[in-house]
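First residue of the sequence shown: 316, per this note's numbering; consecutive thereafter.
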Amino acid sequence: MSDVQRTIEAFILDSLLLGDEERLPAPTDSLVESGVIDSTGILELIEFLEEEFQITVTEAETVPANLDGVANLVAYVAEKTTADRLAG
């Protein structure tokens, strides 16, 4: 498990699940379908990602392929941080 995955899972556990480890979905499970996150939670998640990983999440990027599931989030953060390093 990567540091990014651990960080994202810790945020989900602490901020969205209020410490209820039994509700933490598998990395490939949908956060929406599993009831972990709603529209307000998505906004919190985006704010967390931007602050924690120093990335900008554009409106066009707020799609399930990027944000719905821990594995998707890890891949998205890796892609964004790599793109930012190459651009900067």
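For each residue, glycine too, the CB sits at the ideal point set by N, CA and C. Please read these numbers as outputs of a predicted model, since none were measured by experiment.
DSSP, reduced to helix, strand and coil, places V389 within a helical segment of the structure shown.
With distances taken between CA atoms, L358 lies nearest to I327 out of T396, I327 and T322. Relative to R321, the option among F368, G356, E348 and I352 whose CA is nearest is F368. Rounded to the nearest angstrom, the Cβ distance from P340 to V351 is 6 Å, consistent with a contact under 8 Å.
Between G356 and L331 the beta-carbon gap is near 5 Å, inside 8 Å, which marks them as a contact.
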